[in-house]
Amino acid sequence: MAVALEIAVQDPEGVAAAVAGGADRIELCTALALGGLTPSAALVRAAVAAGLPVHVLVRPRAGGFEYSAVELAVILDDVRRALDLGAHGVVVGGVRGERIDTSLVEQVRALAGSAEVTFHRAFDTLTDLEPALEVLAGLGVDRVLTSGGASRVADGLAQLERLVERADGRLQVMAGSGIDASTVRAVVATGVAAVHASAKRTVVEASRVDLGSLAQAGSSARQATDEAAVRALRTALDEVGRTS
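Per this note's numbering, the sequence shown starts with residue 1, numbered consecutively.
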């Protein structure tokens with residue numbers, strides 16, 4: 001089975017780079033430096049127009065993944081909006097202590113209808129991943145994005161392989177966190193259905209003033225999707241497919 005390449009992008013330039021580099025799917029967000037936040041309607045519209053399947057990250061704020069009733073209402077409204085704009089799927093996540101927030105997932109799953117639902121790396125914040133996987137499978141989630149519970153997927157390969165075995169085709173396991181052309185072969189060997197990467201580079205621009213609490217006057221850095229890095233991943237995945 002071919003392993004899909006999903007690229008996380010945060011702007012129109014990133015969408016174009018993912019398309020040109022050979023991605024199979026886009027995860028659309030903003031603020032990748034914060035782990036990704038919900039994108040605007042205009043950005044969703046522009047990404048959908050580019051032609052690749054677009055899965056929209058719905059995350060209302062940075063920080064942890066326990067949401068209030070007000071935040072849940074925002075999440076559900078953003079899910080509706082993303083699907084109305086033509087997204088092929090949505091990417092969500094929520095926890096209650098050491099458990100999946102089943103109410104959140106159930107409501108998103110009901111709203112999504114035939115569109116795909118991916119549970120993001122809030123999954124990796126839990127201690128017992130295999131029981132959590134069972135919960136997601138029972139809720140009808142299509143896919144879980146995970147590093148195998150590690151900060152970087154290279155350190156979670158054994159757990160990732162166990163998750164693939166536990167899923168047994170009921171939902172897809174997609175690997176993410178620190179994947180590039182040099183590491184993708186080992187990741188694919190775990191049996192995952194897809195790999196997820198940001199394939200980014202840092203762009204530094206001149207700035208005379210501070211713009212934001214984390215900025216420094218004199219320079220302004222931002223992350224941008226690197227078409228060459230996407231293409232290198234595509235080439236590496238294709239090579240793995242030919243030799244496996």
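We put the beta carbon where it would ideally sit given N, CA and C, even for glycine.
The structure presented is a predicted model; accordingly, all values stated were derived computationally and were not measured.
Asked                                                                                               : Found
Residues that residue 119 bridges to, as DSSP identifies them                                       : 92 and 144
Straight-line Cα distance separating residue 129 from residue 105                                   : 16 Å
Whole alpha helix (DSSP H) elements within the segment 38 to 66, 4-residue minimum                  : 41 to 49
Cβ-Cβ separation, residue 142 to residue 172 (assumed contact under 8 Å), whole Å                   : 6 Å
Of the residues 196, 121 and 147, the one placed nearest residue 26, counting alpha carbons only    : 196
Whole-angstrom distance between residue 133 and residue 127, CA atom to CA atom                     : 12 Å
Given residue 229 as reference, the closest of 21, 15, 10 and 2 once Cα atoms are compared          : 21
Span of the alpha helix (DSSP H) around residue 231                                                 : 227 to 243
Euclidean distance between Cα positions of residue 11 and residue 28                                : 8 Å
Segments assigned beta strand (DSSP E), at least 3 residues, entirely inside the segment 143 to 207 : 143 to 146, 172 to 176, 194 to 197 and 200 to 205
Short Cβ contact (8 Å threshold) for residue 179 with residue 187                                   : yes
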